[in-house]
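What follows is one structure encoded as structure tokens, with my remarks underneath.
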Amino acid sequence: MKVVLDWDGTVTEVDSLHLVLLEFGDKSIYDEAENRLGPDLTLHEVIAFEFASVRTRLEEVVAWVRENVRVRAGFVEFARVHRPLIVSSGFHELIEPVLEREGVELEVVANRLDASPKGWRALFRSDEPCAVCGEPCKRADVAGLDEFAYVGDGFSDRCVALAATRVFARDGLADYLARRGVAFEPFTDFRDLAARM
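Heads up: the sequence shown begins at 797 in our numbering, then just goes up one per residue.
This is how it looks when you write it as structure tokens:
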């Protein structure tokens with residue numbers, strides 16, 4: 797069975813998008829956007845709004861990401877054995893440098909960035925709304941998989957987790973699934989996950 801991993805807050809110990817926004821973006825815009833996610837704004841709208849406040853050169857941000865973003869315990873070993881697919885609402889430009897630092901090559905499905913000094917612009921891989929949740933979501937990224945295990949932690953993982961054969965969840969995703977009575981297995985890190993695969 798194919799393993800599909802979320803990146804931010806799942807592979808990484810802390811959501812690296814949030815870390816970048818808090819370090820290089822406008823905190824007041826970040827706070828406003830996070831509070832409006834769901835009721836007022838779609839995930840794409842939140843990401844676009846937040847990252848428009850980042851004006852730092854991409855090379856500087858990538859260097860900071862390589863230095864500061866940490867992956868969960870056991871990820872490298874897990875990745876080498878299971879060859880998971882990374883499906884992220886984040887950006888290739890911020891994911892691939894961390895994978896490179898860790899010495900891991902994996903297929904990554906993510907968005908792209910136009911890192912303009914006037915404000916970064918998110919280049920989303922799809923604007924096609926999902927028939928289930930009504931937003932562009934990760935479910936489309938796994939449409940060709942018959943069976944898959946999904947590992948996630950947050951808002952962007954909700955819809956795709958409902959399509960998975962097996963779900964490993966933590967944090968906000970675990971709370972969401974528990975409130976809806978959807979079966980999942982909690983996980984702490986990739987050593988824990990590897991022992992149960």
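Note that CB positions come from ideal geometry on N, CA and C, so glycine has one too.
Problem - One or two residues paired with Asn907 in a DSSP bridge - result: Here the question's residue 907 lines up with position 111 in the sequence shown. In the DSSP output, where bridge partners are listed per residue, Asn907 has Phe887.
Exercise for the section: Just the C-alpha distance for Glu981 and Ala960, rounded to the nearest angstrom, thanks. Expected result: Counting from 1 along the sequence shown, the entry for residue 981 is found at position 185. Counting from 1 along the sequence shown, the entry for residue 960 is found at position 164. Answer to the nearest angstrom: the Cα atoms are 12 Å apart.
Exercise for the section: Since I believe Ala848 is in contact with Trp803 (beta carbons under 8 Å), could you give me their beta-carbon distance rounded to a whole number of angstroms? Expected result: One-based indexing of the sequence shown puts residue 803 at position 7. One-based indexing of the sequence shown puts residue 848 at position 52. Under the criterion of beta carbons closer than 8 Å, Trp803 and Ala848 do not qualify as touching, at roughly 21 Å.
Exercise for the section: Leaving out five residues on either side along the sequence, give the residues of the same chain with a beta carbon under 6 Å from the beta carbon of Cys933. Expected result: Reading the sequence shown from its first residue, position 137 is the one you call residue 933. Take Cys933, set aside five residues on each side of it, and the residues of its chain with a beta-carbon closer than 6 Å to its own are Cys926, Cys955, in chain order.
Exercise for the section: Compute the Euclidean distance between the alpha carbons of Tyr972 and Gly870, then round it to the nearest angstrom. Expected result: Numbered from its first residue, the sequence shown carries residue 972 at position 176. Numbered from its first residue, the sequence shown carries residue 870 at position 74. The alpha-carbon separation between Tyr972 and Gly870 amounts to approximately 25 Å.
Handout entry: Limits of the alpha helix (DSSP H) - the one that Asp989 falls within
Key = Within the sequence shown, the letter at position 193 stands for residue 989. The sequence given here places Leu at residue 989; Asp does not occur at that position. Membership of Leu989 in the alpha helix (DSSP H) is indicated by the continuous run 986-992.
Exercise for the section: Return the bridge partner residues of Gly798 from the DSSP annotation. Expected result: For the purposes of this step, residue 798 is taken as the residue at position 2 of the sequence shown. Looking at the sequence itself, residue 798 is Lys, so the reference to Gly does not match. Residue pairing for Lys798: DSSP places it in a beta bridge opposite Phe944.
Handout entry: Pair within 8 Å by beta-carbon distance, Arg908 and Phe874
Key = Taking the sequence shown and counting its residues from 1, the one referred to as residue 908 is at position 112. Taking the sequence shown and counting its residues from 1, the one referred to as residue 874 is at position 78. No. Outside cutoff.
Practice task
Buried or exposed for Leu806, please, with buried defined as at least 16 other CB atoms from any protein chain shown within 10 angstroms of its CB.
Solution key: The residue you call residue 806 lines up with position 10 of the sequence shown. It is worth fixing the name first, because residue 806 is Thr in this sequence and not Leu. Of the residues assessed, Thr806 falls on the buried side of the cut-off, its CB having 16 or more other CB atoms within 10 angstroms.
Exercise for the section: Can you have a look at Thr984 and say buried or exposed, based on whether 16 or more other CB atoms are within 10 angstroms of its CB? Expected result: Counting from 1 along the sequence shown, the entry for residue 984 is found at position 188. Flag for Thr984 reads exposed.
Exercise for the section: Reducing DSSP to helix, strand and coil, say where Ala875 ends up. Expected result: Reading the sequence shown from its first residue, position 79 is the one you call residue 875. Looking at Ala875 - three-state DSSP - the assignment turns out to be helix.
Handout entry: Beta-carbon gap between Gly948 and Ala936 smaller than 8 Å
Key = The residue labelled residue 948 in the question sits at position 152 within the sequence shown. The residue labelled residue 936 in the question sits at position 140 within the sequence shown. At a Cβ-Cβ threshold of 8 Å, Gly948 and Ala936 do not count as neighbours.
Exercise for the section: For Glu981, write down the residues that DSSP places opposite it in a beta bridge. Expected result: Numbered from its first residue, the sequence shown carries residue 981 at position 185. Note: Glu981 is bridge-paired with Phe964 in the DSSP secondary-structure output.
Handout entry: Collapsed DSSP secondary structure at Leu854 in the structure displayed
Key = Position 58 of the sequence shown holds residue 854. It is helical.
Problem - Among Ser812, Glu856, Gly968, Ala974, nearest to Arg868 - alpha-carbon criterion - result: Walking along the sequence shown from the start, residue 868 turns up at place 72. When each option's Cα is compared against that of Arg868, the closest is Ser812.
Exercise for the section: Compare the beta carbon distance of Val911 and Ile843 with 8 Å and say whether it is the shorter of the two. Expected result: Position 115 of the sequence shown holds residue 911. Position 47 of the sequence shown holds residue 843. The amino acid at residue 911 is misidentified as Val; the sequence shows Ala. Ala911 places its beta carbon 8 Å or farther from that of Ile843.
Problem - Residue(s) in a DSSP beta bridge with Thr808 - result: On the sequence shown, residue 808 is found 12 positions in, with the first residue counted as 1. Val867, per the DSSP bridge assignment.
Practice task
Using beta-carbon positions only, say whether Arg897 and Arg862 come within less than 8 Å of one another.
Solution key: In the sequence shown, the residue the question calls residue 897 occupies position 101. In the sequence shown, the residue the question calls residue 862 occupies position 66. Their beta carbons are under 8 Å apart, which means Arg897 touches Arg862 by this criterion.
Handout entry: Residues that Ala844 bridges to, as DSSP identifies them
Key = Locating residue 844 in the sequence shown gives position 48, counting from the first residue. Answer by DSSP bridge pairing: none, since Ala844 is not bridged.
Exercise for the section: Could you check if Gly821 is buried or exposed, using at least 16 other CB atoms within 10 Å of its CB as the buried criterion? Expected result: The residue you call residue 821 lines up with position 25 of the sequence shown. Result: buried.
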